[in-house]
Amino acid sequence: MIAYPPINYLNDLTIDQINSAIPLTFAQYIPPINGFGDMLNWDFRAFFSTSVSNTGARNMFAFEGTAGATYDIFSQSFFDPFVLQLFDEQGRMIATDDSSGAAGTDHIRFMASHDGIYYVDASWRQGFADIDKYAVITAYEDLDTIPSTFPSSSPSVSVFSPTNSATDVSVDSNIVLTFSEAIQRGSGSIALVTADNVLVESFDAASSSNLSISDKTLTINPTNNLSNNTQYFVTLESSSIKDLTGHGNAQMASYSFTTTAQTPGTNADRIFDWGERQYPDLFSDHPESQDVFGYHARIYSNGNALGEQNDHIYFYDGGTRDIILVGTTTDFLPQAIAAGY
240 MIAYPPINYL
250 NDLTIDQINS
260 AIPLTFAQYI
270 PPINGFGDML
280 NWDFRAFFST
290 SVSNTGARNM
300 FAFEGTAGAT
310 YDIFSQSFFD
320 PFVLQLFDEQ
330 GRMIATDDSS
340 GAAGTDHIRF
350 MASHDGIYYV
360 DASWRQGFAD
370 IDKYAVITAY
380 EDLDTIPSTF
390 PSSSPSVSVF
400 SPTNSATDVS
410 VDSNIVLTFS
420 EAIQRGSGSI
430 ALVTADNVLV
440 ESFDAASSSN
450 LSISDKTLTI
460 NPTNNLSNNT
470 QYFVTLESSS
480 IKDLTGHGNA
490 QMASYSFTTT
500 AQTPGTNADR
510 IFDWGERQYP
520 DLFSDHPESQ
530 DVFGYHARIY
540 SNGNALGEQN
550 DHIYFYDGGT
560 RDIILVGTTT
570 DFLPQAIAAG
580 Y
């Protein structure tokens with residue numbers, strides 16, 4: 240393993256600087272655009288930003304490194320940072336800016352020689368106007384460079400279905416996450432939320448029957464069909480999923496996809512869609528509409544059916560085989576429209 244000699248011509252950290260360091264916490268890195276991550280190969284990302292004036296007293300950060308992992312650290316401010324600097328856990332400088340960044344950006348790439356704490360001085364130089372005070376430090380972690388004698392301690396998602404940032408996803412889709420190694424249930428929650436941070440459903444990782452695991456694959460089966468034309472995020476709390484040796488996953492919060500827009504259809508279809516969402520116990524799935532015995536109808540796998548004929552809405556009870564008039568399109572359409580159908 241590489242051992243970095245200290246850089247003696249620059250000052251080591253003081254105790255006060257070490258104690259003032261702001262922790263950087265890694266979460267799983269998910270590329271914002273499909274395929275982009277194939278070129279980057281980063282597994283985790285830690286991030287901190289500020290627009291506070293005079294950040295000189297808050298330039299110091301700390302993160303936990305893993306032996307053999309490769310790190311790309313970027314410091315960005317309005318003017319070029321003074322000198323981005325990296326220190327080992329004893330406060331000795333081991334790397335500085337490699338001058339590969341664009342204007343306003345310093346960069347360090349290094350492979351961690353040992354497990355432990357590393358310190359980073361972002362050395363930001365802000366502008367004078369409020370809009371120019373924004374500054375950010377980002378650290379990316381690549382575990383692929385760890386030798387086989389140093390196995391990764393955290394299972395991470397390698398394949399997403401739907402793919403990250405996918406659009407036109409069917410509203411009845413399951414969510415399938417394939418991890419880097421065989422997995423088991425952990426403790427914590429897995430949540431499905433909208434882009435407006437509205438909780439759609441939360442799953443207890445230890446016990447939810449809506450979750451199933453097979454080897455490396457976690458399948459999430461939402462209780463109800465999703466809404467059309469909606470962006471969803473899937474979040475995993477840390478250690479909600481574990482590998483077979485008990486190592487937990489890192490927190491994941493940036494995976495998202497967007498469901499298909501509502502297909503233009505009849506007013507009856509809009510009412511059927513609304514009814515499925517309102518009464519999932521009666522209408523257990525989302526079949527295609529069809530013409531049956533003069534009805535525009537949907538027949539469900541549990542034997543029930545919905546039908547429309549001459550602007551009247553009918554419910555067929557698969558248990559009693561009764562056809563029940565429940566109302567008119569005029570009765571139900573305003574409710575369907577108000578619900579977004």
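Okay, so the sequence shown: first residue is 240 according to my numbering, each after it adds one. Where a beta carbon is used, it is the ideal one built from N, C-alpha and C, also for glycine.
*asked:* Could you compute how far the alpha carbon of L431 sits from the alpha carbon of P461?
replied: For this step, residue 431 is matched to residue 192 along the sequence shown. For this step, residue 461 is matched to residue 222 along the sequence shown. Cα to Cα, L431 sits roughly 8 Å from P461.
*Measuring CB to CB, does A374 end up less than 8 Å from S316?*
By one-based count along the sequence shown, residue 374 stands at place 135. By one-based count along the sequence shown, residue 316 stands at place 77. Contact: yes.
*asked:* How far does the beta strand (DSSP E) with Q423 in it extend, from its first residue to its last?
replied: By 1-based counting over the sequence shown, the position of residue 423 is 184. Q423: member of the beta strand (DSSP E) spanning 422 to 424, first to last residue.
*Since G514 contacts L545 with CB under 8 Å, what's their CB separation in whole angstroms?*
Counted from its first residue, the sequence shown places residue 514 at position 275. Counted from its first residue, the sequence shown places residue 545 at position 306. The Cβ separation is near 6 Å, so the contact holds.
*Return the first residue and the last residue of the alpha helix (DSSP H) that E515 is part of.*
Locating residue 515 in the sequence shown gives position 276, where the first residue counts as 1. Boundaries of the alpha helix (DSSP H) around E515: 506 to 517.
*Could you check what DSSP says for I385 in three-state terms: helix, strand or coil?*
Taking the first residue of the sequence shown as 1, we reach residue 385 at position 146. Reduced to three states, the DSSP call for I385 is coil.
*If we ignore side chains and look at the alpha-carbon of each, how far apart do G423 and D282 end up?*
Residue numbering aside, residue 423 sits at position 184 when the sequence shown is read from its first letter. Residue numbering aside, residue 282 sits at position 43 when the sequence shown is read from its first letter. For the record, residue 423 in the displayed sequence is Gln; it is not Gly. Distance between the alpha carbons of Q423 and D282 is about 20 Å.
*asked:* According to DSSP, is F302 part of a helix, a strand, or is it coil?
replied: Taking the sequence shown and counting its residues from 1, the one referred to as residue 302 is at position 63. In the structure shown, F302 sits in a strand (DSSP, three-state: E or B).
*Thinking C-beta only, is F302 closer than 8 Å to A378?*
As a position in the sequence shown, residue 378 is number 139, starting the count at 1. As a position in the sequence shown, residue 302 is number 63, starting the count at 1. Closer than 8 Å, so yes.
*Rounded C-alpha distance that separates N436 from Q470*: As a working mapping, residue 436 is identified with position 197 in the sequence shown. As a working mapping, residue 470 is identified with position 231 in the sequence shown. N436 and Q470: Cα-Cα distance of roughly 10 Å.
*Helix or strand or just coil, what does DSSP make of A577?*
Working through the sequence shown from its first residue, we reach residue 577 at position 338. In the displayed model, A577 falls within a helix according to three-state DSSP.
*Reducing DSSP to helix, strand and coil, say where R297 ends up.*
By one-based count along the sequence shown, residue 297 stands at place 58. Helix.
*Bridge-paired residues (DSSP) for T559*: Here the question's residue 559 lines up with position 320 in the sequence shown. Answer is none; T559 lacks a bridge partner.
_8 Å CB neighbourhood of D337 in its chain, flanking five on each side removed_ = For the purposes of this step, residue 337 is taken as residue 98 along the sequence shown, with counting starting at 1. Here the set comprises H346, I347, R348.
_Cβ contact check for the stretch 492 to 499 and the stretch 440 to 460: 3 or more pairs under 8 Å_ = Flag = no, the stretch 492 to 499 and the stretch 440 to 460 do not touch.
_Please report the straight-line C-alpha distance between F275 and T402, rounded to a whole angstrom._
Taking the first residue of the sequence shown as 1, we reach residue 275 at position 36. Taking the first residue of the sequence shown as 1, we reach residue 402 at position 163. Its pLDDT being 43, under 50, F275 is placed unreliably by the model, and the measurement read from it follows with that caveat. Each residue's alpha carbon lies about 12 Å from the other.
*asked:* Let me confirm a value: G355 is counted as buried when at least 16 other C-beta atoms fall within 10 Å, else exposed. Which label applies?
replied: Against the sequence shown, residue 355 aligns to sequence position 116. Exposed, by the Cβ-count rule.
_Where Y518 falls, given that 16 or more other Cβ within 10 Å makes a residue buried_ = One-based indexing of the sequence shown puts residue 518 at position 279. Result: exposed.
_Where D354 sits in the DSSP three-state scheme_ = Position 115 of the sequence shown, counted from the start, is the residue given in the question as residue 354. Residue state, collapsed to three classes: coil.
*Can you give me the Cβ contacts of I257 inside the same chain, cut-off strictly under 7 Å, excluding the 5 residues immediately before and after it?*
Counted from its first residue, the sequence shown places residue 257 at position 18. The residues are G330, Y358.
_Cα-Cα separation, M350 to G340_ = Locating residue 350 in the sequence shown gives position 111, counting from the first residue. Locating residue 340 in the sequence shown gives position 101, counting from the first residue. Separation of M350 and G340 (C-alpha to C-alpha, rounded to the nearest whole angstrom) is 18 Å.
_Where F275 falls: helix, strand or coil (DSSP)_ = For the purposes of this step, residue 275 is taken as the residue at position 36 of the sequence shown. Because the pLDDT at F275 is just 43, under 50, the model does not fix this residue reliably, and the value given afterwards should be weighed accordingly. Reduced to three states, the DSSP call for F275 is coil.
*How is the alpha helix (DSSP H) around I254 delimited, first residue to last?*
By one-based count along the sequence shown, residue 254 stands at place 15. Its alpha helix (DSSP H) spans residues 254 to 259.
*Identify which residue in L457, S478, T559, D556 has its Cα closest to the Cα of A266.*
Taking the first residue of the sequence shown as position 1, residue 266 is located at position 27. Looking at the Cα atoms, S478 is the closest of the given residues.
*Pairwise C-alpha distance: G307 and N273*: The residue you call residue 273 lines up with position 34 of the sequence shown. The residue you call residue 307 lines up with position 68 of the sequence shown. Here N273 scores only 48 on pLDDT, less than 50, and its place in the model is too uncertain to base an answer on.
*Under 8 Å, do P394 and F418 count as touching if we go by C-beta distance?*
What you label residue 394 is simply residue 155 of the sequence shown in a count that begins at 1. What you label residue 418 is simply residue 179 of the sequence shown in a count that begins at 1. Yes. Within cutoff.
_Considering only their Cβ atoms, is the gap separating F326 from I376 smaller than 8 Å?_
Translated into positions along the sequence shown, residue 376 becomes position 137. Translated into positions along the sequence shown, residue 326 becomes position 87. No, Cβ-Cβ distance for I376 and F326 is not below 8 Å.
*Report the option in L572, V291, R284 whose CA atom is closest to the CA atom of A507.*
Position 268 of the sequence shown, counted from the first residue, corresponds to residue 507. Of L572, V291, R284, the residue nearest in Cα terms is L572.
*Write down the C-beta distance between L323 and I333 rounded to the nearest angstrom, noting that I regard them as a contact closer than 8 Å.*
Working through the sequence shown from its first residue, we reach residue 323 at position 84. Working through the sequence shown from its first residue, we reach residue 333 at position 94. Not quite, the Cβ-Cβ distance comes to about 12 Å (not below 8 Å), so this is no contact.
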